[in-house]
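Here's what the structure looks like:
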């Protein structure tokens, strides 16, 4: 099949063809996750990330490289290949400034927490990976019930004052920093070129005040938070909602995130393009340049 003969519908179907993982992704603490199945050459620009893809009926893209794919998008949408960029928050836009276990231990010392950082981290991972039985969502409104469970499970301390101190710490700019120091410049160039921007995040309602504390909320045209949308990635609903807020179609957007299951597969289920942060792209300047915007 000739590349130029492929319709937008076929492009969308191709982007959505993927397997489903059987593991729970990491939380916002930056814990590593189990190795994910790898994709064909199209899905990752890194040769180290390439592997055997599931055997499917070929549609003409499997042998197509990144340049050919972007050229094809330009034939559909013009020189700028996407009308919007959706960005994951924790792990992509933002990162904790100190290891979670260190903060839990340091704050917890005056409340009698005696676990080592290694013990806290292991207990955190187990608690975070368990199904959350109180609701179909982990982050409901401010997420306090869920985080109370996580903090007490991780440290063995159920003191309400301890929890509030930990909880409130993560609303401050002391607790977080931008993953890409040049993000503002890249986002400014994107917006100047007419590309819309949105944050799409599994987070509670602390995200908006946190973005304000980091002085980056004004970079974005919309923020889709799972606690507000009532859908958590990889549920495609949150991506569709973000596109609705921006006034664009899902196939006109690319989502950038660090979790293959939640970000890449979830976005593609919604019909969006998706790039894995730290593998497909390593900076927001690279994101901008890839879609045709000079920074």
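Residue numbers (the working numbering): -14 to 280.
Beta carbons: idealized from backbone N, C-alpha and C, even for Gly.
- DSSP assignment within the segment 208 to 255 yields the following whole beta strand (DSSP E) runs of 3 residues or more, N-terminal first: 238 to 242.
- Assigned with DSSP and collapsed to three states, residue 272 falls in helix.
- Between the C-alpha atoms of residue 185 and residue 280 there is a straight-line separation of about 23 Å.
- For residue 181, the enclosing beta strand (DSSP E) begins and ends at 181 to 186.
- Annotation: the segment 79 to 117 contains the following complete segments of the beta strand (DSSP E) (minimum length 3 residues), in chain order: 79 to 81.
- Burial of residue 211 is indicated by the presence of at least 16 other C-beta atoms within 10 angstroms of its C-beta.
- Around the beta-carbon of residue 60, fewer than 16 other beta-carbon atoms lie within 10 Å, marking it exposed.
- Taking a C-beta distance under 7 Å as the contact criterion, residue 226 and residue 198 do not qualify as a contact pair.
- Along the length of the segment 125 to 213, whole alpha helix (DSSP H) runs at least 4 residues long occupy 129 to 140, 145 to 154, 168 to 177, 192 to 198, reported in chain order.
- According to the DSSP assignment, residue 61 belongs to no beta strand (DSSP E) but to the alpha helix (DSSP H) extending over 51 to 62.
- Around the beta-carbon of residue 139, 16 or more other beta-carbon atoms lie within 10 Å, marking it buried.
- Counting other Cβ atoms within 10 Å of its Cβ, residue 97 stays below 16 and is therefore classed as exposed.
- The residue among 214, 181, 216, 217 with its C-alpha nearest the C-alpha of residue 203 is 181.
- Residue 141 and residue 69 have their C-alpha atoms roughly 44 Å apart.
- For residue 262, no beta strand (DSSP E) encloses it, and the DSSP letter there is neither H nor E.
- Residues 211, 217, 218 of the same chain have their beta carbon placed closer than 6 Å to that of residue 187, with the five preceding and five following residues left out of the count.
- Here DSSP, grouped into helix, strand and coil, assigns residue 71 to strand.
- Between the alpha carbons of residue 241 and residue 164 lies a gap of roughly 13 Å.
- Taking one beta carbon from each stretch, the segment 158 to 172 and the segment 103 to 119 have fewer than 3 pairs nearer than 8 Å; the two do not touch.
- When the five nearest sequence neighbours on each side are left out, the beta carbons in the same chain lying within less than 6 Å of the beta carbon of residue 123 are those of 117, 131, in order along the chain.
- Short of 7 Å from the beta carbon of residue 175, and not among the five residues preceding or following it, lie these beta carbons of its own chain, in chain order: 70, 182, 273, 278.
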